[in-house]
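In what follows, a single structure is set out as C-alpha cells and then discussed.
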C-alpha cells in the first residue's frame, strides 16, 4: 500500500495522502494484463477493509484474484514524499514483518495446481529478502513451475535496506538458488559483482556488463538476461538504456533521455516489456525497444503500476512528441 | 464543456474532473471582453442545469448573454488528460451531433437584429464542420453582417477528425463561401495548400507562406490575413512566431520560446490579440507583438480561455520575467 | 458515466465533478459479484480514453469483461446534483442516442455463445426504452437464454422521461414481449396499472398490489415477482418495504425507515438481493429480508453501485446500529 | 470576501479555505438578477488581483458592473467556520476600515446619473454602520433616487458588533434619516423596540409586531414593511414565518420548518422575494409565500448568495419534496 | 496515526486519506493544554519522516516534546471509515507490535527525572494491553510518580480486540496493579464486573454502578472514580451522562442528547474535563457538567483530539445553540 | 497569514485557497527551531479564531508562545498566485494598518524581562516600515537586548511598496538607528547605495559589494554582514551566491543554480543558516555554504517557512541529487 503526499509537500506539512496498491509482482502482472495476457498474483491479503480495498484495486488493474488468499491482518505500507529539483523523493517504510504475505502459513498456496495453470511466473528479489518462510514458498513454487514446464523469471531487485548489514553475504545463497531455477533473469553487472561476487577488471559499466552477464548466463543456465543502465542528469532528467542478452548476443536499445514524473515502479514496466517481447517472439531489437519505451512511459504516469497498452507503447516508439491531438 | 482530469493522471486512474465552458467563439469573445470590448456569443444552450452552469460561466468571462437562446437538450463536451514530458495530452470528444448549438432550429437567431448591433463577428472553421444547418446559419449571418457594414472574421481552424475521410474536398466549397464573405482571416500556408489546393514549389514553411497568402488575399478580397507558425522543441517547450499580412506587406513577430502549462485555446488568445490591434488601429508591428504575447501568456494559464487584460499583455511585452513582485 | 457535483453545490457553483460508471445492469452484476458470483456485462464501450476508464471501473467492481465489445464512440452520461433537505436531488441526462450501447451493430454480440455460458440474465426496462435496435437485441438474447435453459430476469424500471408522450402505449407491447419471456420480474402495482393497463378498485397500494400481481404472474407465466414500496417521510427519511410473490403466496419484509446518503442505484441492490436469495434457495422470508437490507445499506454508500458483501448484509440484518467497533 | 473552512473543521485544524464574494447588496441584486431583472451594484473595488476576482465573481452572479468603481486597496473579508449540531457556526471579521467601499472618496459615484437609470435601490443597515463618509453617500443617493421617482428600499439589518457600545443610541438618528427617505422597509418588532425606542406592553412577538409596525409605517410614511420571525428548534432545524404589512393590513406566510445547510445570506433571499413580488404586483399572500420559499431554498444552497430562479421557487411552493427526478 | 477516508466513502472506493496523530495520552494532554496547562507525552517516535510529521502535529496541539524519545522505526496506525445512518463507522488497525512505543528499550525514559517535574500522570488501559515491556515501563513510572508525591490517573479503557481470547483473565492482575497505584480512575460498572469480576444483583446500569464503584474505590484506595454512561438512540443521536464518585458521594451530570460528527476520542475529552475540574478544585457538580460538555463538544469536531478551550466549554454550558453570531 | 491559490490558477479562476502563517520573524525563528534552538516570537495576535489558528500554526513550527500577546482584532494577510514560466508570481497585500502587531499598545511587551531570557534577537526592515509605534517598540527592545549583553540581528529587507514615494529618504534615519544598535546585519550593496546613500564608481555588483560593505561595517560598528546575490536565468532557474563579511574578510559561497518551487521566505532560510553558523562558531566557509544550501532547499519546499533540519542541509551539502532512496 503506497501512501503518497499529494503535490510536493512534506509529510510534516500536508494532512492528506493518496493511496494505491502496488509492488513488483503487481506491477509486472498489471503490465502484462495491459498487453492482453491474464495476470495472476500469488499473495495473501487480510480479510478486513484494507484487504478489500487492495482487492478492489487489483481488480481495477485487471489482475485475476483466483490465487489470492485472505489470511493474516496487515499489508506492508510505505510513505512517499515527492522530491522537487535538488530535493530527492523520500520513501519511508512501515513495518512489513507482520504482513499477511510474510506471515502466510505453510501450505496456504496450492503450488501444484497453480503451476499447472500458468505459463510464466515472475519472482522478485524483494520477496526473497523477507524471511525464511517466504523464501521457502518461493523455491517450492519455482520448482513446481519448472516441473510443469513453465518459465521462471527472476528479478534480482536487490534492496540494501531490506538485507541489512552483511546483506550481500546473506543474500548470495538464496539468489543462487533462484538463479539455478530461473530461465529469464532481470539484473545488471552490479548484481553480478555485489551479490554473486564476480570480478572483472573493466572500468566502464558497459564493459563490466558485457564481461559478466555471459558468465552468469552460462553458470546458472539462463536463456535470457535483461536489464537497464540508468543515469541521472544535472537537470534532473533521467537517461535509460536497456539491454537483452540471449543466444550469446547482447542487444542494446537507444539511450533515451526524458523528464520524470513518477519514478517508482518504472523498472517493472521495463520487465513487463521484456516478458511481452519474449512471449510474442519479438526480435531482440524490438523487445528492448519496446521494453525501454514501456519504461519511459511509466515515468510519465502517476503511480507505481504501468498503465500503457501495447498500442500506446508502439505509438510512442514510432512518433515524436507532438502537439495536442484533436 | 471541458472535463479535465486534474494533475497528470489518466482518466482510468482518477475519479474527479474539473469543468469549464469554452470553444473558439467563447475564447475570442472573452479575450476581447478582457480588453474592454463587449463580447457576445451567438449560440444555443439547453434549458437545464448544464445550460445554467454554462451561462453562469459565460457571465463570469464577461460575455453578454443577450443573443444566447435556450433550446435543445445537450452541450458538446470533451475530456482532457494532461500529458507529461514524452506523453502527449489527449482529447476525447463526446457526441456533438445532438448539441443545442447543432440542433438549433432555423430562425432561432434574429440575425438582422444582431447584425445591426455588433461591429465585428468572428466565425470559426470548427462550426463549419458541424452540419448543413449550422453552415446555413453561418452564411446567412455573415451576409447580414456584411450588409450592415460590419466586419467578418473567419478563422480557418481545420480539424481533420471532424471532416473525416475526403474531408478537404468536402470542406473546400464551404471554406470558399466563407472566405468570399470575410474581411479578416486567420490561417497559414497549410490551409492554403490542403483546403484550397493551392500549390507552391517552395520548401520552407516561411517561403510557402509568403508565396501563398498574398494569392489567397487577392483571390478572396481579404484586407487582413494573420496566423502563426508553431514548433515544438525537444525539451517540450514551444516556439511561436506570429505574422500579419496587410496592405500587401508581411509583418512577423519575434519567435518566442516558452514553457507550456495549458495549450488548449492559446490560438484563440492570439486571434483576439490580432482583432484588438485592428480595432485599436495599432501598427502591424505592434499588433503581431501584442497578439503573440497574448498567445504566450495564454499557454501559462489554466483553461481554454484567455484571462489577461491588455495591461497584463503590455507589461509582459516590455518586461523580462522577474523575481516575485511585492 | 455519472458525473457528480461534490458536496451540496449546484453545477452552476462548483468547478469539479467526481465520476463513476454505473447503470442498472452494472449495479445488479456488481451486487452479485459482491456475493461471490461471476458477473458479466453484455454491452459496448468506445475504444478511447473514456471506454478505457469505464472498463477499468468495471474491473474494479469485479465484473468480467469477457462479453464487452469495443465499438462506437460515446458513452451515455448524466450529471447529478445532491439535494439537501427541502431541495431535491437533480439528474440531467446528456445525449444517449449515439452511445456505443445504442449504436451497437446487429450481430456484434454472440448471443448463442453467451447464452450457453451464463445461468441467469437480467434485462432492464431502461434499455427497452432506447431504440428498435436495442429492443431487437434484447428479445433475441432473451429467447436464446430461454432455449439454453437459463433464467430470464426482467426489471420493469419504467422511466417516463425516456418514453415521452404517449409512452405507456408505446411501451406496452415491448414490455409484454419481455414479460412472456421472463421467469423473474421486478415490478409493483404501478407498472401493472400504468403499463399493462390492468384495473382494480382497491384504494390502498398494498391491496392494489395483492390484487394485480397474481394476475400478472398468471397471465405471463412468471415464477417470481418482487418489488418494493417506498415512502418519503417529512424529515426526508425514506421507508422501504419489500415483497416477493412466489408459489401463489406474498411475503413482505418489515418496513425499514432510514437516512439516505445516496439514493441512486439502491433499487438495484434490492434486485441483486432477490436474485441472490433465489440462487441460494433461501426461504421467501429470508430473501426479502436480505434484499431490503441490501437496499437500505446501498442508500448509505456513495455511488450507484452496491458495495456490500453478503456478510455485511447478514450482519446488518441481525444487529442494531452500535457504537464504533474497535 | 467570504473565506470559508471546508466541511466542519475549525480554522485551527484545516489548511484550505474556499472563497466567494457577497454582502447584502450583492445578494439582493443577484436574487433579482435570477428573476430576470438587471441588478447593479454601487460600490468600489481595489484595482488588483482581489478586485479582479471579485468582479469576475459578480459577473458570474449576473450583476452588471456599470456602476462599480476601481479605487482603494482592500476588500472587507470574513472567515466562516461551519458549526455542527450543538456547536454554532462562527464568523470572524477582518478589518473593514480601510476597504475600498469605506474609503471611497466623495464624488466617486455619479448618483444623479445612476438615479436616472434605475427604478429601485436597496440600502442596508450594515453599510450605515460603517463611517460618516459612507452614511453621507447613502443619504445623498437615497435623496437623488427619490427626486427621480425611484423606489427606496431600506433593510434595517442591525449588527450589534458593528455599532459597539451605546450602539442603538448612535444608530437611531441615521436609521431615522433612512426611514424618512424609504418606501419599502425590511424590519421587525425588535428593530422598532431597540433602535427606534418604541414601546409596547404586548408579550408575544407576533403581538408586538402587530402593534408596532403600523406605527412605524405611519410615522415614516412607508408603503410596505416586511420581515420574518425565525426560531431555532431543539433538533437544529429552523422555522421561518414571513410577513408583509401593506395598505394597513398584515399578511403572514405559513411557518415552514426545514434543515439548514448554509444560513448566511438567506435573509437577503427573502428580501429579493419581497421586492420581486412588489415589482410584479403579486398579491400580498403570493408575495410572502414566494419570499419565504426563496428564503428557505437559500438555506439549502452553499454560499451567501441566492441561486434559485423564480421557476425553482414556484416549483418548490407547489410541490412536496419527492424522490430524485429522472 | 489515524488515516481517515474523507466523507462517507469506503476504503475500497476512495483514493485519498487524511491523517492526524492521536491516542488517549495525546488527547488527554492536548485537552489539558487547551485549558492552559503544560502537557507532556512520555513516548517514543521513529527518527524518520513519519516521526517528524507526528512531532510536528504534537507541537501543533501544544504538547511539549521534552520527554519524547526518537527510537525504533514505526508508529501504530489505524484506518477509519465514517459510517452513515444505519451503517456503522469502521476501524481497521495496522500492526502495532513493532511500533517505536512498544519496542522502546528498557531505560530509555528517565522516569525519576520526569516524576520530579510533573504533577499528574495519566495511564491508559490500551497501553497496558501492549506487551510485558510496556507494562513494566508503566508500573515503574507509576511508582516513581507516587514516590515524588504526584497524582496517578488510570483510565481503564478495556479493548477486547487487544487482549484477545481469555482477555479479562489475562488483564485482571495488570489492572489491579495499576489500580493499587492510582489516585483517580476512569471506569464504570462494566469494568468492575468484567475485569475485576465483581458481582451485583442489580439490573439497571445506574444501580450496578452505585453498588460497585464504592467497593472498587475502597478496595484499591481511590480518591476519585469517574466515567460515563452512553446510549445510542434510534435516530443515531447519542446520549451521555457523566458521573464522579468522591468523598463517598456520587454526582451525576444531566443526560445530554446530541448529534455526532466524530465519535473517536470524545471519551478522552471527558477525561481531560474531569482532570481539569480536579486540578482547579471545582465542585463535583461543576466538574461533571464541565467534563460532559467537553465530551459533547468533542463529538462535533473532526479528529480524535479535543480542540475546545475552557472558555468554549463554559460558553456551551450556559448557552443554548443559537443562530450564527456576528 | 498567507492565502495561496492552489496550483497555477489565478485568483479570478479558482475558488479555494490554502493558508499558512509566516513572516520574516516566524521564518527565522522556525529555521533556528529546526536546528534545535528554542525560537520565540515577540508579537501580538487577535483573541479570535484567526489568532487561534495562527497560534496553532506557530506551535507546529516549534515556536514558543511565551512572548506572544493576545490583543487587537486582525492579522496582516496577503494573497499569492503562483506564476508559471513567463508569467510571474503575484502578491496582493491586504490592509495591515489595523493588525494586532501594528496596533499593539505601548507597554504590552515586557522587553526587560524578554531581553534577560534570550540570547539573540532578530529585527526586520519590514516591521520598521509599519508605523511610529512599531518603530519605537523595535528600538526600545534592541536597546534592552544590548544592555543585557544579547546579540542584535538586523535584516534590511527593504520593501518599496511599504515605504511609498520618497521611501528611501524616510527610511534612512530609522535604518541608521537600527544599524547603530546591531551586531549582525543582513544586507547587500543595494541597501548601502539606495537607503544609506553611499556611493561607489564600481560597475559590477560584486565589486560594489566589496567596496561598500566594509564601509558600512566600520561606520555602524558591525561584527558580521551577510547577504546574497540572486540572478534569474532565461529558463526560470535561479542562481544564488551567498557572502559573509567578518573580521575584515569576505567569504563567498559557490554559486548554485536550481529550480524554484516556492520562492517566498527562502531568504529567511538563508538568514537562519547564517545565524546558526555564528551560534555554532562555524568557519566562515562552512557558514555561507550551510546558509546558501538552507536557502536553496527552502526554494524546493511549499510555504514561506524553512522545514529542513541541520542534518537535511548537511546531507544536501555533501551529496549530489540521486535516485529515489529505498
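Chains as they are written, first to last, in UniProt numbering: chain A, 1 to 326; chain B, 1 to 326; chain C, 1 to 326; chain D, 1 to 326; chain E, 1 to 326; chain F, 1 to 326. Built from N, CA and C at the ideal position, the CB exists for glycine as well. Keep in mind the model is a prediction, meaning the values are calculated, not measured.
Taking each of A/251, A/30 and A/13 in turn and checking the Cα distance to residue 122 of chain A, the smallest one comes out for A/30. When Cβ-Cβ separations below 8 Å define contact, residue 261 of chain A makes contact with chain B.
Residue 186 of chain C sits away from residue 192 of chain C, with the two beta carbons spaced by 8 Å or more. Look at the beta carbons and you see the region 69-88 of chain F touching the region 4-13 of chain F: at least three pairs across the two are nearer than 8 Å. With contacts defined as CB atoms closer than 8 Å, residue 278 of chain E and residue 224 of chain E qualify as a contacting pair. CA-CA distance, residue 273 of chain F to residue 32 of chain F, rounds to 8 Å. Residue pairing for residue 155 of chain B: DSSP places it in a beta bridge opposite B/124 and B/186. Contacts between residue 94 of chain C and chain B, judged by CB atoms closer than 9 Å, involve 50, 73, 74, 75, 77, 94, 95 and 98 in chain order. Residues of the region 56-70 of chain E with a C-beta atom less than 7 Å from some C-beta of chain A are 56, listed in chain order. Between the alpha carbons of residue 181 of chain A and residue 143 of chain A lies a gap of roughly 7 Å.
Straight across, the Cα-Cα distance linking residue 69 of chain C with residue 255 of chain B is about 48 Å. Boundaries cannot be given for residue 11 of chain A, as no alpha helix (DSSP H) includes it and DSSP labels it neither H nor E. If you draw a 10 Å sphere on the C-beta of residue 300 of chain F, you find 16 or more other C-beta atoms in it, and that means buried.
In the DSSP secondary-structure assignment, residue 226 of chain A is bridged to A/186 and A/244.
Under the DSSP assignment, residue 136 of chain B falls in the alpha helix (DSSP H) whose first and last residues are 132-147.
Sequence-distant Cβ neighbours of residue 305 of chain D in its own chain, meaning closer than 7 Å and more than five residues away, are 22, 26, 27, 30, 61 and 265.
Listed along chain A, no residue sits closer than 9 Å to residue 196 of chain B by beta-carbon distance, the nearest being about 22 Å off. Close to residue 81 of chain E, with beta-carbon spacing below 8 Å, are these residues of chain A in chain order: 49. Chain B has no Cβ within less than 8 Å of the Cβ of residue 205 of chain F.
By the neighbour-count criterion, in which 16 or more other beta carbons inside 10 Å mark a residue as buried, residue 270 of chain B falls on the buried side.
Residue 178 of chain E has its alpha-carbon roughly 36 Å from the corresponding atom of residue 92 of chain A. When DSSP states are grouped into helix, strand and coil, residue 69 of chain C belongs to the strand group. Judged by DSSP secondary structure, residue 313 of chain F falls within the alpha helix (DSSP H) whose first and last residues are 310-318. Collapsing the DSSP output to three states places residue 175 of chain E in a helix. In this structure residue 46 of chain D does not touch residue 76 of chain D by the C-beta definition: roughly 11 Å separates them, more than the 8 Å allowed. Neighbours of residue 305 of chain F across chain D, judged by C-beta separation under 8 Å, do not exist; the nearest C-beta is about 13 Å away. When DSSP states are grouped into helix, strand and coil, residue 80 of chain E belongs to the strand group.
One alpha carbon belongs to residue 259 of chain D, the other to residue 234 of chain D, and they sit about 12 Å apart.
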